[in-house]
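Quick note: the sequence shown uses this note's numbering, first residue 24, plus one each step.
Note that the Cβ used here is the ideal one computed from N, Cα and C, for glycine as well.
Nothing here was measured: the structure is a model prediction, and the numbers come from that model.
This report refers to the structure that appears directly beneath it.
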Amino acid sequence: MFNFLIQISSKSDPINLIKEAQEYCVAQVKTFDPDLYLITLAAPKNTQGALIVLFAFNVEIERIPNTVSEETLGRIKLQWWREGLESVFNGKPRKHMVLIALKSILDEFPICHSTLEEIIDAREHALEKAQLKSFHQLYNHGKRTGGNLFKLTAGIIKCDAQIGLELGTSFALVQLMKSIKLDKLKGRCYLPSIQLNEIESAKAVNVYKTTLNEILKCLPRIPSDCSSFSKICYWIVSYDLKSLNQKQSIFYEDHERHLGWRKCLIAMRIFVLR
24 MFNFLIQISS
34 KSDPINLIKE
44 AQEYCVAQVK
54 TFDPDLYLIT
64 LAAPKNTQGA
74 LIVLFAFNVE
84 IERIPNTVSE
94 ETLGRIKLQW
104 WREGLESVFN
114 GKPRKHMVLI
124 ALKSILDEFP
134 ICHSTLEEII
144 DAREHALEKA
154 QLKSFHQLYN
164 HGKRTGGNLF
174 KLTAGIIKCD
184 AQIGLELGTS
194 FALVQLMKSI
204 KLDKLKGRCY
214 LPSIQLNEIE
224 SAKAVNVYKT
234 TLNEILKCLP
244 RIPSDCSSFS
254 KICYWIVSYD
264 LKSLNQKQSI
274 FYEDHERHLG
284 WRKCLIAMRI
294 FVLR
């Protein structure tokens, strides 16, 4: 079941192993969360490796609800990751590339164990596919996932944790609004008060538009002396909210040409900020 486990002999070179683990993390983030991969380039160079490891952990956890066929299997996998975190913070990481890489950065970049666990707990709650009754519930989910992730990020790059929390929450909520079609196929709906069978109704469109406006209101103010990382995250959320508001359908579908253009815009913004 856990085919991502790696085989490590007692004679493995620890330095080479850590390098392999870090390279694995880069590949995972670049493949499954290209936005976070690009955003990392806006962070100070001495923190980029640690951010990639943190984001790779998030990729592993985030993918579980979308890739398992049964809720029980998802819970088993998430429990494995809880125990994996325990092994990391006890100094003897399990034989998984992300856990090995995570252990390698803890001495220089202290990361809160309980915050990582809360991210896992939030993903476990998503397995239940419970209907959200209000924007407040949706916001809390975004806060526990993307908000916590960016709060940890803020600790690594040494910027305001509250801004990181609020920015990460908005970032996560926008991603949810972009994944409505995928979530529908998985039997989930993150639109507040909307049942799965109502997702293509006029009511759903109205709730969708209202939700986008609520997310915009939640965006924190970014001081002029804030980190380039925070500024580029703010720009991406603002850009995506504007694009989503202009679309007639709640099902996000973008042509490769536009995605390429968006990627270029992000890269140019990072270049200017640096």
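Run of the alpha helix (DSSP H) containing residue i, from where it starts to where it stops
i, result
"Asn-81", "68-90"
"Gly-97", "94-112"
"Arg-146", "136-150"
"Leu-196", "184-201"
"Tyr-162", "158-165"
"Pro-215", "Where Pro-215 is concerned, there is no enclosing alpha helix (DSSP H), given that its DSSP letter is neither H nor E."
"Ser-127", "120-128"
"Phe-55", "37-55"
Whether residue i touches residue j by CB criterion (7 Å)
i, j, result
"Ser-202", "Leu-242", "no"
"Val-76", "Ala-124", "yes"
"Leu-214", "Val-197", "no"
"Glu-308", "Val-121", "Because the chain spans 24 through 297 in this model, residue 308 falls outside it and cannot be assessed."
"Ala-238", "Ile-62", "Checking the sequence shown, residue 238 turns out to be Ile, not Ala. No, the pair does not count as a contact, with Cβ atoms beyond the cut-off."
"Cys-212", "Leu-205", "no"
"Ala-307", "Phe-252", "Outside the shown range of the chain (24 to 297) lies residue 307, about which nothing can therefore be said."
"Thr-70", "Ile-186", "no"
"Ala-184", "Ala-195", "no"
Same chain, Cβ closer than 8 Å to residue i, neighbours up to 5 away in sequence not counted
i, result
"Ser-33", "In this prediction, Ser-33 scores a pLDDT of 39, lower than 50, which makes its location untrustworthy; the coordinate-derived value is nonetheless stated afterwards. If we look at Ser-33 and ignore the five residues flanking it on each side, it has no Cβ neighbours."
"Phe-25", "At Phe-25, the pLDDT of 37 sits below 50, so the modelled position is not reliable and the matter cannot be decided from this model."
"Gly-114", "Lys-126"
"Ile-31", "Note that Ile-31 scores a pLDDT of 41, beneath 50, so its modelled location is shaky and nothing firm can be said."
Other residues of its chain near residue i: CB distance less than 6 Å, five sequence neighbours each side excluded
i, result
"Ser-261", "none"
"Leu-188", "Gly-170 and Lys-174"
7 Å CB neighbourhood of residue i in its chain, flanking five on each side removed
i, result
"Phe-158", "Pro-215, Thr-234 and Glu-237"
"Tyr-60", "Val-52 and Lys-53"
So, do the segment 35-52 and the segment 65-83 have three or more beta carbon pairs nearer to each other than 8 Å? yes
Contained alpha helix (DSSP H) runs [length at least 4] in the segment 238-273, N- to C-terminal order: 251-269
Would you be able to state if there are at least three C-beta pairs under 8 Å between the segment 88-96 and the segment 67-76? no
Would you call the segment 167-185 in contact with the segment 129-146, where contact means no fewer than 3 C-beta pairs closer than 8 Å? In short, these stretches touch, since the Cβ pair count reaches three.
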